[in-house]
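**Student:**
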Amino acid sequence: MFKKLLSLVLVVCSMAIYAQTTVNGKIYDEYLEPFPNAVILSGEARATSDFEGKFTLQVKSNYPITIQVSAFGYKTEIIEITSQEQEVNVILKESVALDEVVISASRSPERVIESPVTIERMGIADVKRNTSVTYYDGMANLKGIDFRESGYGFKSINTRGFSSFENTRFVQLVDGMDTAVPALTFSMGNLAGTSDLDVESVEVLPGAASALYGANAFNGIMLLKSKNPFKYSGISTYFKTGYTSQEAGGNNPFYDFGMRMAYRFSDKLAGKANFTYYSAEEWHANNTGNSTEIGGIEIDGDRSLPDYDGVNVYGDEVSATLKQIATLAGLPETVINSLSDQKITRTGYDESTLVDYNSNGLKFDASLHYRPWGNENLEIILNSRFARGKNIYQGANRYVQDGFSFEQHRLEFLGKNFFLRGYYSANDSGGYFDSRFKAININRAWKSDKDWFGDYLNAYLTGGRDHEKARDIADIGRFQPGSVEFNKAANEVVSKSVSEGGAKLTDQTSYYHADGNYNFRDIIKFGEIQIGGSYRKINLNSQGSVFTDANSKISFDEFGIYTQLQKKFFEERLKFTGSIRYDKSTNFKGNYSPRVSLNYSLGENKDHVIRASYQTGFRNPTLQEQYFGLPVGTGHLIGGVEENLDRYTVNIEGGNTLTGRDAFENSFSQAELDRGNYTKSQLTTIQPEKVISYELGYRSIINLSSNKILELDINGYYNNYESFTAIKDVLVPHYGGFNTDGTPNAQALLALQNNDVTSFSVNTNSNADVNSYGIGVGMSTKVFKGFDLRASYNYAKFDFDENSDPDFEPAFNTPENKVKIQFGHSNLFKNFGFNVNVRWQDEYYWQSSFLQGLVDSRTVLDAQVNYTVPSIKSRFKIGGTNLTGKEYFIAPGAGSIGSLYYISWTIND
10 MFKKLLSLVL
20 VVCSMAIYAQ
30 TTVNGKIYDE
40 YLEPFPNAVI
50 LSGEARATSD
60 FEGKFTLQVK
70 SNYPITIQVS
80 AFGYKTEIIE
90 ITSQEQEVNV
100 ILKESVALDE
110 VVISASRSPE
120 RVIESPVTIE
130 RMGIADVKRN
140 TSVTYYDGMA
150 NLKGIDFRES
160 GYGFKSINTR
170 GFSSFENTRF
180 VQLVDGMDTA
190 VPALTFSMGN
200 LAGTSDLDVE
210 SVEVLPGAAS
220 ALYGANAFNG
230 IMLLKSKNPF
240 KYSGISTYFK
250 TGYTSQEAGG
260 NNPFYDFGMR
270 MAYRFSDKLA
280 GKANFTYYSA
290 EEWHANNTGN
300 STEIGGIEID
310 GDRSLPDYDG
320 VNVYGDEVSA
330 TLKQIATLAG
340 LPETVINSLS
350 DQKITRTGYD
360 ESTLVDYNSN
370 GLKFDASLHY
380 RPWGNENLEI
390 ILNSRFARGK
400 NIYQGANRYV
410 QDGFSFEQHR
420 LEFLGKNFFL
430 RGYYSANDSG
440 GYFDSRFKAI
450 NINRAWKSDK
460 DWFGDYLNAY
470 LTGGRDHEKA
480 RDIADIGRFQ
490 PGSVEFNKAA
500 NEVVSKSVSE
510 GGAKLTDQTS
520 YYHADGNYNF
530 RDIIKFGEIQ
540 IGGSYRKINL
550 NSQGSVFTDA
560 NSKISFDEFG
570 IYTQLQKKFF
580 EERLKFTGSI
590 RYDKSTNFKG
600 NYSPRVSLNY
610 SLGENKDHVI
620 RASYQTGFRN
630 PTLQEQYFGL
640 PVGTGHLIGG
650 VEENLDRYTV
660 NIEGGNTLTG
670 RDAFENSFSQ
680 AELDRGNYTK
690 SQLTTIQPEK
700 VISYELGYRS
710 IINLSSNKIL
720 ELDINGYYNN
730 YESFTAIKDV
740 LVPHYGGFNT
750 DGTPNAQALL
760 ALQNNDVTSF
770 SVNTNSNADV
780 NSYGIGVGMS
790 TKVFKGFDLR
800 ASYNYAKFDF
810 DENSDPDFEP
820 AFNTPENKVK
830 IQFGHSNLFK
840 NFGFNVNVRW
850 QDEYYWQSSF
860 LQGLVDSRTV
870 LDAQVNYTVP
880 SIKSRFKIGG
890 TNLTGKEYFI
900 APGAGSIGSL
910 YYISWTIND
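My numbering runs 9 ahead of the 1-based position in the sequence shown.
Set out below in structure tokens:
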């Protein structure tokens with residue numbers, strides 16, 4: 010009996026020994042440098058290489074053993090190990106860019122070369138070779154990308170035109186969550202995005218993408234994917250410092266710190282946390298040149314002119330003519346008739362006296378990842394993101410976001426063929442204020458407009474009609490920047506909302522969002538069929554400072570459903586993709602967004618692909634365009650949805666009131682009055698914008714020699730737009746109305762003659778006939794034994810029939826020609842690499858509600874050198890942007906972009 014038990018124990022032990030085989034090895038890159046964070050798999054066994062490239066894998070089988078070695082952006086290697094004595098050294102080579110796998114184009118994994126639409130991407134290797142201070146800034150070097158820097162803390166991205174800094178036609182997702190700030194309906198750059206340490210990939214789809222992603226994926230969509238802690242574990246940090254250099258702002262230091270902590274507790278549980286903080290100086294805006302008006306153009310002139318309205322000088326927008334001042338003062342007709350219609354503006358304050366250009370930003374996110382069965386068949390993710398900061402961005406005015414915060418919380422169920430996620434997004438405006446209204450109301454805190462203009466006119470009439478003397482007298486006692494009186498008034502103004510005579514914009518808007526997708530590829534073999542949908546509940550909360558929600562709450566719903574079919578024919582050379590989506594918002598009719606594309610692969614290896622696509626997009630008006638309701642200077646700005654028209658009221662003389670409905674149904678068109686036509690405005694309530702896009706493309710991997718290839722990517726597109734949103738200026742008479750033929754009655758004409766009118770700027774749609782078209786060409790290869798060379802060219806143009814709407818401003822805001830070149834080597838010699846980027850674009854005309862004007866052509870040079878020290882798991886980088894030192898403007902009225910010089914130290918990335 011004892012012998013039997015002993016035999017049984019020996020058998021069990023031998024089985025255990027057989028079942029636990031240890032494999033040791035080392036992973037290298039193609040330059041024979043250690044490769045960290047590579048994933049090694051064999052059956053259910055998994056390991057990750059350390060910073061020295063070493064790994065240890067426990068395999069429950071005996072020799073021979075097959076292992077799979079992979080890393081994002083690199084070709085997967087499969088190695089067979091036949092004995093314990095075998096030395097395991099694996100070399101990972103960088104993937105061909107067109108062979109890399111993307112998901113965004115079809116919501117399903119596919120090679121870039123097979124994507125049905127144009128796609129640009131950035132991976133981990135691209136982040137490391139990036140010449141900009143962050144990977145997000147490095148997006149400027151991708152083909153077809155327009156990058157707008159408002160400052161260190163706020164950037165925006167666009168493709169294919171028609172945008173400003175406030176890019177509401179482009180969607181940005183981080184791990185599936187829309188990063189658009191709820192109240193603004195656009196993303197504040199990388200405010201709540203991923204850090205350099207946590208980003209795994211970035212995919213950009215230029216052009217309409219509503220067929221899969223719904224409303225607002227109008228100009229394009231960007232999807233950022235963070236690193237999964239099951240795959241990327243460990244502690245990583247970076248520290249960056251340097252300085253910005255600008256003629257207006259001088260040389261100013263910046264500091265940027267980040268840390269990522271991730272741990273794989275077991276095959277079932279993992280978690281991570283990220284923290285970043287930066288402090289920097291914004292680009293100073295100090296243009297004191299003269300302008301025609303808000304949203305006008307820059308013209309000659311300085312403060313010596315009575316009607317001076319400085320570009321970055323605020324408070325001088327408040328104006329009146331000499332005749333108007335005299336009429337309000339009740340002066341005799343003889344005096345009034347002796348005066349001209351010369352416009353007089355109040356004395357303004359330079360922007361630098363109104364804002365603090367210090368910028369900072371803090372981001373934190375944490376997530377728990379749970380796999381019930383210890384594999385990728387199901388992963389449950391609980392994630393929270395917080396962001397808080399201070400920056401300046403340019404919209405209709407120059408806004409300071411001081412203490413602005415943003416948060417998101419997500420629960421997601423992720424499987425092999427499905428995902429189901431829900432998340433909550435909310436913002437808190439903090440000390441958000443409008444610099445223009447700050448100046449206007451500091452002036453009014455000192456002296457009312459009526460008193461100031463009265464003093465000016467009196468001094469003008471009694472002082473020899475000298476404008477300079479009149480201004481000096483009217484300005485006696487004016488609050489001087491930095492004085493106790495000025496600071497007290499400034500603090501009071503930014504503590505009150507615009508509607509209360511202040512400059513503060515209060516908002517705590519939020520929304521709930523849910524979306525899901527299921528892929529039937531393992532059930533239906535005919536083709537790859539997907540279904541999905543989304544739902545969003547939006548709750549506005551501005552306490553009446555921005556939206557018309559002072560007396561009653563505003564909330565509404567949006568939902569969408571879609572389906573897609575992909576099928577390959579003719580030995581999988583022809584690929585058909587067809588999708589359609591239906592979206593419905595409470596405030597608008599339902600919208601269908603179809604997409605159809607065909608790909609055909611040529612060549613023995615199917616590495617020459619021709620594609621054609623038809624796709625559509627739409628954009629729901631922003632929350633502001635729907636529910637705005639606030640005074641702006643001497644007028645009022647209102648949103649254009651039907652529900653909003655009766656929510657906004659204006660008190661006028663005699664105890665009467667006007668509403669937003671009067672602006673739409675009983676008003677003069679300001680544009681027609683300027684042309685001498687006294688007719689009723691023809692306005693409709695605001696509706697979604699629409700675009701139809703046609704695209705042709707060609708991607709190819711061309712063998713130049715036995716060890717050298719050329720990657721080529723060419724695309725061309727044509728877009729037709731309908732119902733662009735627009736702001737129309739109207740005048741509402743305080744009495745009288747219009748006849749059925751649109752002509753004003755006698756009372757309305759009298760009201761206009763007596764200036765008994767109220768100005769409204771209303772959000773509506775234009776009938777403008779607008780088209781755009783363009784091409785993009787990109788190539789990538791290696792030259793001179795391992796040097797990377799990439800180049801791209803983009804052409805963009807638009808056509809606008811001005812007869813269809815003479816007053817419409819399309820705001821294409823995109824250069825006609827762009828060229829980008831990248832040259833570098835990741836391992837020029839042991840542990841040393843470098844990279845250089847050059848971008849050129851020609852001049853273009855910028856249109857916006859802040860200022861219009863020509864933006865000069867520019868050439869921008871960025872470069873970096875880096876050195877890796879494996880013994881301390883560190884990489885050091887020294888670099889700079891705009892190294893030529895020639896400053897340039899992104900847009901009229903913005904701060905000029907100077908140079909930035911940096912040094913960074915990254916540990917264990």
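We put the beta carbon where it would ideally sit given N, CA and C, even for glycine.
The structure presented is a predicted model; accordingly, all values stated were derived computationally and were not measured.
Hey, is the region 221-228 in contact with the region 271-290, meaning 3+ C-beta pairs nearer than 8 Å?
**Tutor:** With a cut-off of 8 Å, the region 271-290 and the region 221-228 do not count as touching, because too few Cβ pairs lie within range.
**Student:** Per DSSP, which residues does D187 bridge with? Please list them.
**Tutor:** Answer is L182, bridged to D187.
**Student:** Quick test of your reading: Q696 and F597, contact by CB under 8 Å. State the CB separation rounded to the nearest angstrom.
**Tutor:** That pair is a contact at about 6 Å.
**Student:** Leaving out five residues on either side along the sequence, give the residues of the same chain with a beta carbon under 7 Å from the beta carbon of S508.
**Tutor:** Excluding residues within five positions, the ones whose Cβ falls inside 7 Å are G553, S554, L639 and P640.
**Student:** Counting Cβ pairs, one atom from each stretch, are 3 or more of them under 8 Å apart for the region 610-624 and the region 122-130?
**Tutor:** The region 610-624, when compared against the region 122-130, does touch it at the 8 Å Cβ threshold.
**Student:** Go through its chain and collect everything with a Cβ distance to R656's Cβ below 6 Å, but skip five positions before and after it.
**Tutor:** Once the five neighbours on either side are set aside, the close Cβ partners of R656 are T557.
**Student:** Name the residue from L583, I661, N774 and E581 whose alpha carbon lies nearest to the alpha carbon of R628.
**Tutor:** Nearest option by C-alpha distance: N774.
**Student:** Contact defined as beta carbons within less than 8 Å: I believe F266 pairs with F248. What is the distance between those atoms, to the nearest angstrom?
**Tutor:** About 5 Å separates the two Cβ atoms, so the contact holds.
**Student:** Quickly, what does DSSP pair A54 with across the bridge? List them, please.
**Tutor:** The partner list for A54 (beta bridge, DSSP) reads S51.
**Student:** Use the C-beta contact count for N346: other C-beta atoms within 10 angstroms, 16 or more gives buried, fewer gives exposed.
**Tutor:** When all chains shown are included, N346 counts as exposed.
**Student:** Pick out the complete beta strand (DSSP E) segments inside the region 266-346, 3 residues or longer, and give them in chain order.
**Tutor:** As far as the region 266-346 is concerned, its whole beta strand (DSSP E) runs of at least 3 residues are 278-290 and 328-330.
**Student:** Tell me the DSSP secondary structure of V766 in three-state form.
**Tutor:** Looking at V766 - three-state DSSP - the assignment turns out to be strand.
**Student:** Just the C-alpha distance for I906 and Y897, rounded to the nearest angstrom, thanks.
**Tutor:** Distance between the alpha carbons of I906 and Y897 is about 5 Å.
**Student:** Identify the continuous beta strand (DSSP E) that holds T30 and give its terminal residues.
**Tutor:** Element bounds for T30: T30 to D38.
**Student:** Taking A872 as part of the beta strand (DSSP E), name the residues at either end of that continuous run.
**Tutor:** That run of the beta strand (DSSP E) goes R867 to V878.
**Student:** Skipping 5 residues on each side, what residues in its chain have a beta carbon closer than 6 Å to that of T868?
**Tutor:** So the qualifying residues of the chain are W849.
**Student:** If we require 4 or more residues per run, which alpha helix (DSSP H) segments fall completely within the region 509-560?
**Tutor:** Runs found: none.
**Student:** In or out: Q67 buried (at least 16 other Cβ within 10 Å) or exposed?
**Tutor:** Exposed, because fewer than 16 other Cβ atoms sit within 10 Å of the Cβ of Q67.
**Student:** Roughly how many whole angstroms lie between the Cα atoms of R708 and R530?
**Tutor:** Using only the alpha carbons, I get a separation of about 26 Å.
**Student:** Measuring alpha carbon to alpha carbon, tell me which of K234, N660 and Y222 ends up nearest R590.
**Tutor:** Of the listed residues, the one whose Cα sits closest to R590 is Y222.
**Student:** For the region 628-655, which segments carrying the alpha helix (DSSP H) assignment without a break, of at least 4 residues, lie completely within its bounds, in sequence order?
**Tutor:** Those alpha helix (DSSP H) runs which fall completely within the region 628-655 and span 4+ residues are 632-636.
**Student:** At which residues does the beta strand (DSSP E) containing F565 begin and terminate?
**Tutor:** I563 to F578 is the span of the beta strand (DSSP E), which, as asked, contains F565.
**Student:** Can you say whether L860 is buried or exposed, counting buried as having 16 or more other CB atoms within 10 angstroms of its CB?
**Tutor:** Buried: at least 16 other Cβ atoms inside 10 Å.
**Student:** Considering only their Cβ atoms, is the gap separating R380 from F516 smaller than 8 Å?
**Tutor:** Inspection of the sequence shows that residue 516 is occupied by Asp rather than by Phe. It is not a contact, given that the beta carbons lie outside the stated cut-off.
**Student:** Alpha helix (DSSP H) containing A903: first to last residue?
**Tutor:** No alpha helix (DSSP H) holds A903; DSSP gives it neither H nor E.
**Student:** Quick check on I87: buried or exposed, where buried means 16 or more other Cβ atoms within 10 Å of its Cβ?
**Tutor:** The residue in question, I87, is exposed, as its Cβ has fewer than 16 Cβ neighbours within 10 Å.
**Student:** Within a Cβ cutoff of 6 Å, which residues of the same chain sit near S254, ignoring the five residues on either side of it in sequence?
**Tutor:** Excluding positions up to five away in sequence, the list reads N260, G907 and S908.
**Student:** Roughly how many whole angstroms lie between the Cα atoms of L740 and A282?
**Tutor:** Spanning the two alpha carbons is a distance of roughly 55 Å.
**Student:** Mark K886 as exposed unless 16 or more other C-beta atoms lie within 10 angstroms of its C-beta, in which case mark it buried.
**Tutor:** Per the 10 Å Cβ criterion, buried.
**Student:** For K236 and N369, I'd like the C-alpha separation in whole angstroms.
**Tutor:** Taking the straight line joining both Cα atoms gives about 25 Å.
**Student:** Would you list the residues sitting across from M131 in a DSSP beta bridge?
**Tutor:** BP columns for M131 point to V211.
**Student:** Please state whether the Cβ-Cβ distance between R269 and S173 is less than 8 Å.
**Tutor:** The answer is no: Cβ separation not under 8 Å.
**Student:** Rounding to the nearest angstrom, what Cα-Cα distance links A294 and A483 in this structure?
**Tutor:** One C-alpha to the other measures close to 28 Å.
**Student:** What first and last residue would you give for the beta strand (DSSP E) that runs through V68?
**Tutor:** First-last of the beta strand (DSSP E) with V68: K63 to V68.
**Student:** Ignoring anything shorter than 4 residues, give me the alpha helix (DSSP H) runs that lie fully in the region 741-816, in order along the chain.
**Tutor:** Counting only runs of 4 or more, we get 755-762.
**Student:** Can you name the residues that DSSP bridges to W455?
**Tutor:** DSSP lists no partner for W455.
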